[in-house]
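Worksheet: the structure to be examined is printed underneath.
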Amino acid sequence: MALLELRDVHARYGQITALRGISLAVEEGQVVAILGANGAGKTTTLRAVSGTVRRSGQILFGGRSIGRRGPEDVARLGIAHVPEGRGTFAELSVWDNLRMGAYIRRDRGVKDDFQRMLTYFPWLEERRDQDAGTLSGGEQQMLALARALVARPKLLLLDEPSLGLAPLVVREFFGIVRTLNEEEGLTVLVVEQNATIALAAAQQAYVLEVGEVAVAGTSDELAANESVRRSYLGY
Amino acid sequence: MADFLQQVVSGLATGSIYASLALALVLIHRSTQVINFAQGEMATFTTYIAWTLVDRGASYWLAFALTLVAAFVGGVALERVIIRPVERASILTIVMVTIGLLVALNGAMGWIWSPELKSFPSPFPNRGVDVGGVTISLQDVGVLGVTVVVVALLYVFFRYTKLGLAMRAAAVAPDASRLAGVRVSWMLALGWGLAAVLGAVSGMMVAPSVFLEPNMMQVVVIYAFAAAVLGGINSPVGAIVGGLAIGVTINLIGTYADFLGPELNLPVALLILLAVLLVRPSGLFDRVVVQRV
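Protein chains in written order, with my numbering: chain A, 1 to 235; chain B, 1001 to 1293.
Encoded structure:
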């Protein structure tokens, strides 16, 4: 059974239809990428999962229907959503951002997880009292990832993490995501415009076009697919 | 000089009353962008609860503590029942609702307790102590002390507890807070509860020096508005500094510019406020968020 499964999911913003029946599955322990052009419905797919857009159809998480739950409840079930560009609380300090990540935790391991984050992101320690809004774009994205991870999610949703970041920072970011996936078995559903880096990080991928799944397959299959290559990889 | 210091201490005591009510306004404004016009009447209402408890034979501090609990529960309940249905409505709608609440509470107090003046006890001795030639009233010290303790507790709550952190996050970034699992709507209700507690403190502190009646807080709340705006309507520190500054200023005007007479205290205070806002339109402490994008 897949950890996350979408069956014929529709979503709309007012009069504008964003998803026209998306079906996809994310197996536990996988990194799955969603590719596509602007307005294809990538972000909306993530928002449908986390409950930040009104949606219909079936969304199953660990076999349980979450299609009618609000974002607070979805988060408490173990889905961490790092939204596009706004993954941090700009007005709160770096450390308070991490504490917010642990808000839904009730166990005693939180301190250890903060320490674990410091091994991935050592600079968090010296910046702990600084407002998150004063960090650079790359640092904010790392902090957003760290914050999502201290929630100990079963599923991590990443929306366009590479947006506006320098190539080196993007590589570092995906390097950490990959490590987490390989060493800790973290399941990730990532939306990306940068298809090259997304296919390199993911095992499975879906290509969306105007609110529908156009192509699906393993990353290797998609990388070899003629039309995907021409439209999204540019060679 | 001794007289000056005495007036400053006494001004700080009055100012601390404005400060706690101003802090209540700021708490609600930060999370809902709305001025709660009923804040003064809520404070008076809770002071009546304290009066009733003392009247029925409760000791002062027991009545004080019970009143704070009642204020908290009442504040949360008001938000759930009256504000919640209009949570997503326009700001003007919510403002109208708080004005309606003001009128309703004011009427209810007159009906329950009658509009006649009631004297309210003070827990502090009515004498002064000599500190290096300056006579300081224990009344003033007590009022100031209570406010300091309440504000310090609030600071610790917001700074060090998980719930306090979630309330701060919900106020500045409700959507991101939901994604972190915070029940934002309940955080607003808790904010109303805490604001009601602060109001109750200011009401119980001001009541001994005036008389308890349904309109008791109407002037106080204007000073509190002024304090909140002076400090920057979203700044808790600003509300406290603003409240103290206004308290001291009014007291000094009353002493050294007594030709103005007590009737002109309020207009003069508001003039000073206007002058400050001309120089710093967002108040003294509302921080400009520096953000890299």
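Every residue gets a Cβ at the ideal spot worked out from N, C-alpha and C, and that includes glycine.
With a beta-carbon spacing of about 4 angstroms, serine 162(A) and valine 170(A) fall inside the 8 angstroms limit used to define contacts. Only residues of its own chain outside the window of five on either side were considered, and among them Arg55, Gly57, Gln58, Ile59 have a CB closer than 7 angstroms to the CB of glycine 67(A), listed in chain order. Listed in chain order, the non-local C-beta contacts of glutamate 5(A) below 6 angstroms within the same chain comprise Ala25, Leu60, local neighbours out to five positions each way being set aside. Within a 10 Å sphere around the beta-carbon of tyrosine 13(A) sit fewer than 16 other beta-carbons, which makes this residue exposed. Against chain B, the CB of tyrosine 103(A) has a partner CB under 9 angstroms away; the residue lies at that interface.
In the DSSP assignment, leucine 208(A) forms a beta bridge with Gly36(A), Val213(A). Going by DSSP, serine 56(A) is part of the beta strand (DSSP E) stretching over 55-61. By the criterion of at least three beta-carbon pairs nearer than 8 angstroms, the segment 1034-1054 of chain B is not in contact with the segment 1160-1178 of chain B. Leaving aside the five residues that flank leucine 1244(B) on each side, the residues in its chain whose CB is nearer than 7 angstroms to its CB run, in chain order, Leu1012, Gly1015, Ser1016, Ala1019. In the structure shown, threonine 187(A) falls within a strand segment according to DSSP collapsed to helix, strand and coil.
Per DSSP, reduced to three states, the secondary structure at lysine 1118(B) is strand. Considering only Ala144(A), Thr196(A), Trp123(A), the residue with the shortest C-alpha distance to leucine 158(A) is Ala144(A). DSSP places valine 82(A) within a strand segment (E or B) once states are collapsed to three. Residue state for glycine 29(A) is assigned as coil, using DSSP reduced to three classes. Shown here for phenylalanine 173(A): same chain residues with a beta carbon closer than 8 angstroms to its own, the five before and five after excluded, namely Gly138, Gln141, Met142, Leu145, Pro161, Ser162, Leu165 in chain order.
Neighbours of alanine 75(A) in chain B, taken as residues at a C-beta separation under 9 angstroms, are given in chain order as Arg1178, Leu1179, Ala1180, Gly1181, Val1182.
Under the three-state reduction of DSSP output, glutamate 5(A) falls in the strand class.
Below 8 angstroms, enough C-beta pairs join the segment 1031-1046 of chain B and the segment 1096-1110 of chain B to call them touching: three or more. Within chain B, the residues whose beta carbon sits less than 7 angstroms from that of serine 50(A) are Leu1179, listed in sequence order. Distance from the CA atom of glutamate 183(A) to the CA atom of isoleucine 176(A), rounded to whole angstroms, is 10 angstroms.
In this structure the segment 1223-1240 of chain B touches the segment 1280-1287 of chain B; the number of beta carbon pairs closer than 8 angstroms is three or more.
Contacts between phenylalanine 89(A) and chain B, judged by CB atoms closer than 9 angstroms, involve Arg1168, Ala1169, Val1172, Ala1173, Ala1176, Ser1177, Ala1180 in chain order.
Relative to the Cα of alanine 200(A), the nearest Cα in the group Pro83(A), Thr218(A), Arg7(A) belongs to Thr218(A). Burial check for arginine 99(A): the Cβ neighbour count within 10 Å reaches 16 or more, so the residue is buried. Straight across, the Cα-Cα distance linking valine 1206(B) with methionine 1187(B) is about 29 angstroms. In the structure shown, the three-state DSSP call for valine 150(A) is helix. As a beta-bridge residue in DSSP terms, aspartate 131(A) pairs with Ser93(A). Taking each of Ile197(A), Leu156(A), Tyr206(A) in turn and checking the Cα distance to valine 49(A), the smallest one comes out for Leu156(A). Among the residues of chain B, those whose CB is under 7 angstroms from the CB of glutamate 72(A) are Arg1178, Gly1181, Val1182, Arg1183, following chain order.
The count of Cβ pairs closer than 8 angstroms, one atom from the segment 1111-1130 of chain B and one from the segment 1207-1216 of chain B, reaches three, so the stretches are in contact. Distances from the alpha-carbon of arginine 106(A) to those of Thr17(A), Arg152(A), Thr45(A), Ser23(A) put Arg152(A) closest.
With fewer than 16 other CB atoms across the displayed protein chains lying within 10 angstroms of its CB, proline 1267(B) is exposed.
A direct Cα-to-Cα measurement between serine 1137(B) and isoleucine 1091(B) gives close to 43 angstroms. Taking a cut-off of 8 angstroms for Cβ pairs, the segment 1192-1202 of chain B and the segment 1147-1158 of chain B touch, as three or more such pairs fall below it.
DSSP places threonine 1067(B) inside the alpha helix (DSSP H), whose first and last residues are 1060-1078. In this structure isoleucine 1112(B) is exposed. Its beta-carbon is surrounded by fewer than 16 other beta-carbon atoms within 10 angstroms.
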